[in-house]
Amino acid sequence: MNILMVCLGNICRSPMADGLLRKKIAENQLEVFVDSAGTSGLHAGEAPDHRMRQTAKILGTPIDQLRSRKFVVEDFDRFDLIYVMDKSNRSNVLQLARNEKDQEKVHLILNSIHPGKDLEVPDPYFGGEQGFIDVYQMLDDATDLILEKIKKGQIQ
Ligand code: 4NP
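Counting in our numbering, the sequence shown runs from 1445 upward without gaps.
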């Protein structure tokens, strides 16, 4: 199985979601490929934002090795599940969907812990340090649940 995490810049939220799920997949010796991308491509080639990297390191999931890339339409072919952080990411990704099969792959990541609520992972880029800690905690919880679902065979 292949899972893609998507946000706007691919330097704050989606690399954090990517790093957390990657770590948990490795710890559980599961065969799942995890990656992340941004809809804007504005930061392509860059490492994650230094504030997200710092928070990630302090809280135990370093993401220094990840690099930003732009979401491309071929990602619908390469990935089984595409988790977006907010509704704006969702509409940007859905605009590129070619058919219903593509559309069905796209989910708001917080719907995995709060089904049907359409809650968003807030963009921490223009805010303070607490925003990065909040993002980490939300994504830690969401990726715990995604991992459990993978282990139970509820995500295939
Ligand atoms: P991200 O955060 O989508 O979580 O990576 C952002 C990063 C950069 C920008 C916006 C959001 N930006 O406007 O450059």
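A virtual CB, placed ideally from N, CA and C, is assigned to each residue, including glycine.
Only a predicted model underlies this, so the values are computations on that prediction, with no experimental measurement involved.
For Gly-1575, which residues in the same chain have their Cβ closer than 6 Å to its Cβ, ignoring the five residues on either side in sequence?
Pro-1568
Helix, strand or coil: which one does DSSP assign to Asn-1412?
Since the first and last residues shown for the chain are 1445 and 1600, residue 1412 lies out of range.
Grab the span of the alpha helix (DSSP H) containing Leu-1540 for me, first residue to last.
Taken as a continuous stretch (DSSP letters only), Leu-1540 belongs to no alpha helix (DSSP H), as it is neither H nor E.
For Asp-1519, which three-state DSSP category applies?
helix
Classify Pro-1459 as buried or exposed, calling it buried when 16 or more other Cβ atoms lie within 10 Å of its own Cβ.
buried
Straight-line Cα distance separating Ile-1469 from Lys-1595:
10 Å
So, helix, strand or coil for Ala-1481, using DSSP?
strand
Buried or exposed, going by whether 16 or more other CB atoms sit within 10 Å of the CB of Leu-1464?
buried
Would you say Gln-1598 lies against chain C (beta-carbon separation less than 9 Å)?
In summary, chain C is missing from the structure at hand, where a single protein chain is found.
Does the distance between the C-beta of Gly-1453 and the nearest non-hydrogen atom of the ligand 4NP fall short of 8 Å?
yes
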